[in-house]
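Mapping of the sequence shown onto numbering that gives the first Met the number 0: residues 0 to 338, in sequence order.
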Amino acid sequence: MATRDSTSAPATRELTALPSAVRDPSVPRWPPLACQAGGDDDNDNDAGDAENGRPPGARVRRGGRLPRLEKQNVKKTDTPRCINVAVVGLSGAEKEKGAVGIGKSCLCNRFMISSSDDFEDDHNSLLSNSDFSGRVVNNDNFLYWGEVMKTSEEGTEYIFRVIEQTEFIDDSTFQPFNGVKMDPYIKRCVATKIESAEKLMYICRSQLGVEEKFEQKVLPPGKFNIDGFLCVFDVSVVPGRSIEKQLETVTNILKNIKSTTKPVVLVTTKNDKLNEAYVQEVQKLVSRNEFKKAIPIVETSAYMNVNVDAAFIALAHIIDRFKGRTKIVPYLESVKNYY
Ligand SMILES: Nc1nc2c(ncn2[C@@H]2O[C@H](COP(=O)(O)OP(=O)(O)O)[C@@H](O)[C@H]2O)c(=O)[nH]1
Ligand SMILES: [Mg+2]
0 MATRDSTSAP ATRELTALPS AVRDPSVPRW PPLACQAGGD DDNDNDAGDA
50 ENGRPPGARV RRGGRLPRLE KQNVKKTDTP RCINVAVVGL SGAEKEKGAV
100 GIGKSCLCNR FMISSSDDFE DDHNSLLSNS DFSGRVVNND NFLYWGEVMK
150 TSEEGTEYIF RVIEQTEFID DSTFQPFNGV KMDPYIKRCV ATKIESAEKL
200 MYICRSQLGV EEKFEQKVLP PGKFNIDGFL CVFDVSVVPG RSIEKQLETV
250 TNILKNIKST TKPVVLVTTK NDKLNEAYVQ EVQKLVSRNE FKKAIPIVET
300 SAYMNVNVDA AFIALAHIID RFKGRTKIVP YLESVKNYY
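Spelled out as structure tokens, the structure:
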């Protein structure tokens, strides 16, 4: 399900256009639509309730569960489904992640703002103290990428709200910020309830420090419930990072996600410069008994805009317990359709 956009790739740092959010703040990126579930004030969407037979996404009203009929028709209403996603994967200082990151931000950037003019690849997590305490980072180690509406092939409309779990690095010490006491990344990144008062949507690095010049959207107040995870694995060779290091981190993250019982899709990034041996390692990883071959892999390239939407839709389908067939096309096949 590659999104074909002949103008979109490859992206470069020489982008001259400002992000669309800067052009006209009065024009929203998409029409304001109410979410069918989870987007309501108390953010109560989740992966369902196996014990009580509640499917994922079926809205639990205050004071009671949905009547059976309404539950069955949950997808046929006019309001889009709201899905809250956390994007996770190896993060940290250069000694952890190597010369460059694994591609979490670029994946989010491509998904949230898919036009080629607005794709940037510099989302460096090296920050100064003032950036850290501004409202975009907000003394947290995650970014709120805002919300975007997407339609799946079968015609279901989803509103995705996306969080990137990361680790910001202090540009004076090159160490993770230690002002706020936090759990280690592999534990922290699988949080399913997130809160950060007045936290602003992240758009791009040049927004930091001049937030008022950009569109300002706030992370919904109260507890933000994560419905599922995209666990990112970089299949390209990066200087200073061993495959063993990435495998170890991702295995631990997947184990921790498993204990949350939330769905997960393993997203391989940078397939435009994949290393075949790394691709095989990822396949071996998901075939391990402890994961019961239940974790789908979606092969993406944010640069080429290949399979990015497909990864999020695949996750939405699991959350929704979609009964149809989720089309996951291997990267090499998708990229052929692209040209
Ligand atoms: N070839 C290629 N490089 C990518 C792709 N996505 C990201 N990168 C590179 O990886 C770097 C780090 O990506 P980023 O998204 O910031 O990683 P993060 O630290 O996990 O958020 C970027 O600056 C790009 O140079 C991709 O799809 N293809
Ligand atoms: Mg990042």
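Glycine included, every Cβ here is placed at the ideal spot set by N, Cα and C.
Values in this document were obtained by computation on a predicted structure and should not be read as measured data.
Whose CA, out of D121, T155 and G239, lies closest to the CA of K103? Looking up residue 103 in the sequence shown gives position 104. Nearest to K103 by alpha-carbon distance, out of D121, T155 and G239, is D121.
Distance, T325 Cα to G227 Cα: Locating residue 227 in the sequence shown gives position 228, counting from the first residue. Locating residue 325 in the sequence shown gives position 326, counting from the first residue. Take the alpha-carbon of G227 and the one of T325: they are about 16 Å apart.
Please return the same chain residues whose Cβ sits closer than 7 Å to the Cβ of S235, not counting the five positions on each side in sequence. For the purposes of this step, residue 235 is identified with residue 236 of the sequence shown, where counting begins at 1. If you ignore the 5 residues before and after S235, its C-beta comes within less than 7 Å of the C-beta of K269, K272, L273 and N274, all in its own chain and listed in chain order.
For the alpha helix (DSSP H) that C188 lies in, which residues bound it at each end? For the purposes of this step, residue 188 is identified with residue 189 of the sequence shown, where counting begins at 1. For C188, no alpha helix (DSSP H) segment is defined, and its DSSP state is neither H nor E.
So, for I162: in the same chain, excluding its five sequence neighbours on each side, which residues have a beta-carbon less than 8 Å away from its beta-carbon? Your numbering for residue 162 matches position 163 in the sequence shown. So the list reads N83, V84, A85, V86, F141, L142, Y143, W144, I193, F223 and I225, once near-sequence residues are dropped.
Run through DSSP, which three-state label would R204 get? Locating residue 204 in the sequence shown gives position 205, where the first residue counts as 1. If DSSP states are grouped into helix, strand and coil, R204 belongs with the helices.
Could you pull out every residue in the same chain whose Cβ sits closer than 7 Å to the Cβ of L218, ignoring the five residues on either side in sequence? Taking the first residue of the sequence shown as position 1, residue 218 is located at position 219. Here the set comprises Y143, S195 and K198.
Contact check, L229 vs A310, beta carbons under 7 Å: Here residue 229 refers to the residue found at position 230 of the sequence shown. Here residue 310 refers to the residue found at position 311 of the sequence shown. At a Cβ-Cβ threshold of 7 Å, L229 and A310 count as neighbours.
Using three-state DSSP, classify A276 as helix, strand or coil. As a first step, residue 276 is located in the sequence shown; it is residue number 277 there, counting from the start. DSSP places A276 within a helical segment (H, G or I) once states are collapsed to three.
Chain B within 7 Å of L207, Cβ atoms only: Note that chain B does not occur in the displayed structure, where there is just one protein chain.
Check whether the region 293 to 304 touches the region 91 to 108, taking contact to mean three or more Cβ pairs, one atom from each stretch, closer than 8 Å. Touching, yes, given that three or more Cβ pairs across the two stretches are closer than 8 Å.
Tell me the residue span of the alpha helix (DSSP H) that contains N306. Walking along the sequence shown from the start, residue 306 turns up at place 307. Neither: N306 is in no alpha helix (DSSP H) and is coded neither H nor E.
May I have the straight-line CA-CA distance separating G88 from D130, to the nearest angstrom? In the sequence shown, counting from the first residue as 1, residue 88 sits at position 89. In the sequence shown, counting from the first residue as 1, residue 130 sits at position 131. The straight-line gap from Cα to Cα measures roughly 22 Å.
Tell me which same chain residues have a C-beta within less than 6 Å of the C-beta of R28, skipping the five on either side of it? Taking the first residue of the sequence shown as 1, we reach residue 28 at position 29. Caution is warranted here: a pLDDT of 40 is assigned to R28, below 50, making its placement in the model unreliable, and no coordinate value can be reported.
Alpha carbon to alpha carbon, how far is G97 from T78? Residue 97 sits at position 98 when you count from the first residue of the sequence shown. Residue 78 sits at position 79 when you count from the first residue of the sequence shown. So the two alpha carbons sit approximately 43 Å from each other.
Pull the bridge partners of I193 from the DSSP assignment, please. Numbered from 1 along the sequence shown, position 194 holds the residue referred to as residue 193. F223.
Apply the 10 Å Cβ neighbour rule to Q279 and answer buried if 16 or more other Cβ atoms are within range, or exposed otherwise. As a working note, residue 279 is residue 280 in the sequence shown. By the 10 Å Cβ count, Q279 comes out exposed.
Which word fits F343, buried or exposed, when buried means at least 16 other C-beta atoms lie within 10 angstroms of its C-beta? Residue numbering for the chain in the displayed model covers 0 to 338; residue 343 lies beyond these limits and cannot be assessed.
With a threshold of 6 Å, establish whether the CB of S205 neighbours any heavy atom of ligand 2. The sequence position of residue 205 within the sequence shown is 206, counting from 1. Placement of the Cβ of S205 at a distance of 6 Å or more from every heavy atom of ligand 2 is found.
Is any heavy atom of ligand 2 found at a distance shorter than 6 Å from the C-beta of K341? Residue 341 lies beyond the range of the chain shown here (0 to 338); nothing can be said about it.
From N251 to K292, what distance separates their C-alpha atoms? In the sequence shown, counting from the first residue as 1, residue 251 sits at position 252. In the sequence shown, counting from the first residue as 1, residue 292 sits at position 293. CA-to-CA, the gap between N251 and K292 works out to about 16 Å.
What do you get for E243, buried or exposed, if any count of 16 or more other CB atoms within 10 angstroms of its CB means buried? In the sequence shown, residue 243 corresponds to position 244, counting from 1. It is exposed - the Cβ of E243 has fewer than 16 other Cβ atoms within 10 Å.
Which one or two residues does DSSP pair with M181 in a beta bridge? As a first step, residue 181 is located in the sequence shown; it is residue number 182 there, counting from the start. DSSP lists no partner for M181.
Within this structure, are the beta carbons of V237 and L265 separated by less than 7 Å? The sequence position of residue 237 within the sequence shown is 238, counting from 1. The sequence position of residue 265 within the sequence shown is 266, counting from 1. Contact: no.
Locate the beta strand (DSSP E) running through T268, then write down its first and last residues. Within the sequence shown, numbered from 1, the residue matching residue 268 stands at position 269. Where T268 is concerned, the enclosing beta strand (DSSP E) stretches over V263 to T268.
Since V334 sits in a beta bridge, which residues does DSSP pair it with? For the purposes of this step, residue 334 is identified with residue 335 of the sequence shown, where counting begins at 1. Its beta-bridge partners do not exist; DSSP assigns none.
Just the C-alpha distance for N288 and S333, rounded to the nearest angstrom, thanks. For the purposes of this step, residue 288 is taken as residue 289 along the sequence shown, with counting starting at 1. For the purposes of this step, residue 333 is taken as residue 334 along the sequence shown, with counting starting at 1. Roughly 29 Å between the two C-alpha positions.
Own chain partners of F176 with C-beta closer than 7 Å, once the 5 adjacent residues on each side are dropped: If you number the sequence shown from 1, residue 176 lands on position 177. If we look at F176 and ignore the five residues flanking it on each side, its Cβ neighbours are F131, F167 and D169.
Nearest-angstrom Cα distance between R80 and Y157? In the sequence shown, residue 80 corresponds to position 81, counting from 1. In the sequence shown, residue 157 corresponds to position 158, counting from 1. So the alpha carbons of these two residues sit roughly 5 Å apart.
If you draw a straight line from the alpha carbon of L125 to that of D116, how long is it in whole angstroms? Taking the sequence shown and counting its residues from 1, one reaches residue 125 at position 126. Taking the sequence shown and counting its residues from 1, one reaches residue 116 at position 117. CA-to-CA, the gap between L125 and D116 works out to about 24 Å.
Going by C-alpha distance, which of R204, T155 and S90 is nearest K186? Here residue 186 corresponds to residue number 187 of the sequence shown, with the count starting at 1. Residue nearest to K186 within the set R204, T155 and S90 is S90 (criterion: CA-CA distance).
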